Amino acid sequence: MTMTTVTTTAEEREAILSAVREFAEGELAPFAAERDEKHLFPRESLNRGGELGLGGIYVREDFGGAGLSRSDTVAIFEELAKGDPAVAAYISIHNMVVWMIDTYGDDTQRETWLPQLTAMQEFGGYCLTEPGVGSDAANVATSAVREGDDYVLTGMKQFISGAGEAAVYVVMARTGEPGARGISAFLVPGDAEGLSFGPLEKKMGWHAQPTRQVIFDGVRVPASAMLGDEGRGFAIAMSALNGGRLNIAACSLGGAEWALDKAVRYVHERVAFGEPLAEKQAILFAIADMRTELHAARLMVRDGAQAVDEQAPDATMRCAMAKRFATDAGFDVANRALQLHGGYGYLQDYGIERVVRDLRVHQILEGTNEIMRLIVGREMLRPAGSSSMRSAS
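Numbering-wise, the working numbering comes out as the position in the sequence shown, counting from 1, plus 125.
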């Protein structure tokens with residue numbers, strides 16, 4: 126589906142980013158350490174983010190979306206992640222769900238769900254991954270069996286961000302034959318009978334957002350809860366991932382940029398062997414490499430966003446390249462920033478170790494970086510004259 130986006134001027138874009146920056150500095154950064162330590166989900170701060178339009182950044186305006194381009198969106202997520210990468214990443218997942226409903230939902234589904242989701246008074250969850258399936262996403266086992274005017278869903282989803290907090294879940298379930306063509310998408314309310322959640326996962330990072338199994342024990346939804354056409358669920362899920370990968374890449378940039386800024390300040394202040402660390406050539410080289418890698422990654426993320434905005438035929442490959450490169454670079458830069466802090470970088474008080482932990486999972490979710498290489502390699506080795514990749518929605 127072709128989506129109409131708002132074209133922003135340079136002045137409008139800067140005003141938007143200034144407001145986002147103020148939100149990140151006021152609502153996210155001051156509480157990031159506490160939320161990480163106490164595993165607090167920032168519902169009230171997210172509500173206030175919804176007032177800024179952060180609940181539907183790239184969805185249509187008729188039900189509260191901001192309608193912005195993906196190029197504007199990645200800049201927004203970079204700013205959010207400077208405040209707290211874990212919360213920024215959850216806002217990305219929420220936006221991915223809202224975009225799916227906006228893009229593939231009928232008028233009733235959009236009217237039912239979008240106003241509360243775009244305002245971030247309620248939240249969305251994305252249910253694709255299953256235990257034992259992982260990257261083989263087309264091998265979904267959760268079933269949706271037609272019974273009269275309803276579908277009955279049975280199965281389990283794994284690693285679901287926001288599980289237990291979301292008002293609606295976009296669920297991929299099997300309605301037909303094995304493989305991708307037998308998967309359909311459903312909108313399942315968070316209070317549906319038979320829906321339950323596993324215990325909170327004990328994670329390395331992302332402590333500010335809950336991650337749980339989502340369990341469907343004969344969950345009955347009306348046939349009208351199907352999102353899009355029957356058998357199109359896998360295609361819907363994959364189309365959402367282009368934007369999701371760019372958002373997560375941008376979150377890696379923002380978190381790493383914050384860590385690099387901390388490292389630059391630290392090496393100016395820290396004196397070793399009679400002179401500031403900033404005077405030592407090895408430190409200069411390290412900082413230069415970190416800045417260079419982040420700049421290259423930012424250009425790749427912008428390129429992927431432009432490809433999605435233009436619906437370029439190679440958009441999926443360009444998004445995959447950007448996601449792989451930026452999440453690897455982001456983690457590496459944050460990890461080196463920790464190293465430059467020495468033992469202090471390992472202490473929670475400095476915040477660097479939290480960002481390192483939060484950015485590590487970006488190399489895994491929205492398709493592992495090994496899968497990103499697979500996407501790029503297959504496209505490069507595609508026989509001449511064959512059809513190119515499906516363009517992004």
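Just so you know, even glycine gets a beta-carbon here, dropped at the ideal spot from N, CA and C. Being a predicted model, the structure only gives us computed values, none of them experimental.
Annotation: Tyr-469 to Thr-493 spans about 31 Å, alpha carbon to alpha carbon.
Bounds of the beta strand (DSSP E) holding Ile-308 are 308-314.
Linking Leu-409 to Asp-457 through their CA atoms gives a straight-line distance of about 17 Å. Within the stretch 302-390, the beta strand (DSSP E) runs of at least 3 residues that lie entirely inside it are, in chain order, 308-314, 320-322 and 336-347. A contact is defined here as three or more CB-CB pairs under 8 Å, and the stretch 341-349 meets this definition with respect to the stretch 273-291. Apart from sequence neighbours up to five positions away, the residues of its chain that approach Leu-177 with a beta-carbon distance below 8 Å are Ala-144, Val-145 and Phe-148, ordered along the chain. Contact between Leu-205 and Leu-153 holds, with the beta-carbon distance rounding to 7 Å and staying under 8 Å.
By the Cβ rule, the stretch 460-474 does not count as touching the stretch 225-245, because fewer than three pairs are nearer than 8 Å.
Separation of Leu-378 and Glu-495 (C-alpha to C-alpha, rounded to the nearest whole angstrom) is 19 Å. A contact between stretches requires three or more CB pairs, one per stretch, nearer than 8 Å, and the stretch 384-400 meets this requirement with the stretch 476-487. In the DSSP assignment, Tyr-229 falls within the unbroken alpha helix (DSSP H) covering 210-229. Contact annotation: the stretch 248-263 touches the stretch 353-366, with at least three C-beta pairs closer than 8 Å. When Ala-454, Leu-506 and Gly-330 are compared, the shortest CA-CA separation from Leu-165 is found for Gly-330.
With fewer than 16 other CB atoms across the displayed protein chains lying within 10 angstroms of its CB, Lys-163 is exposed. For Val-481, the closest C-alpha among the options Gly-190, Arg-498, Gly-369 and Gly-455 is that of Gly-455. The Cβ-Cβ distance between Gln-338 and Gln-283 falls below 8 Å. Secondary structure of Ile-285 (DSSP, three-state): strand. Between the alpha carbons of Leu-171 and Glu-404 lies a gap of roughly 42 Å.
DSSP places Met-297 in the uninterrupted beta strand (DSSP E) bounded by 293-299. Boundaries of the beta strand (DSSP E) around Gly-249: 249-252. Here the C-alpha atom of Ala-397 lies approximately 12 Å from the C-alpha atom of Tyr-391. Judged by DSSP secondary structure, Glu-478 falls outside any beta strand (DSSP E) and instead within the alpha helix (DSSP H) spanning 477-485. Rounded to whole angstroms, the gap between the alpha carbons of Lys-328 and Val-184 is 31 Å.
Listed in chain order, the alpha helix (DSSP H) elements of length 4 or more contained wholly in the stretch 416-470 are 440-465. Exposure of Asp-342 is indicated by the presence of fewer than 16 other C-beta atoms within 10 angstroms of its C-beta. Taken through DSSP and simplified to helix, strand or coil, Ala-269 comes out as strand. With a 10 Å radius around the Cβ and a threshold of 16 neighbouring Cβ atoms, Glu-302 comes out exposed. Taking the Cα positions, Pro-155 is about 33 Å away from Thr-130.
In this structure, the beta-carbon distance from Gly-369 to Thr-300 does not fall below 8 Å. Within a 10 Å sphere around the beta-carbon of Pro-324 sit fewer than 16 other beta-carbons, which makes this residue exposed.
Judged by their CB atoms, Ala-244 and Ala-333 are not nearer to each other than the 8 Å cut-off. Counting the other Cβ atoms within 10 Å of the Cβ of Thr-336 gives 16 or more, which makes it buried. Between Gly-315 and Tyr-294, the beta carbon gap of about 7 Å places them in contact (Cβ cut-off 8 Å).
DSSP links Thr-279 through a beta bridge to Ser-268 and Asp-342. For Gly-353, same chain residues with a beta-carbon under 7 Å away, outside a window of 5 residues either side, are Tyr-229, Ala-310 and Ile-361 in chain order.
Separation of the CB atoms of Ala-445 and Val-199 is rounded to 15 Å, and the pair is thereby denied contact status at 8 Å.
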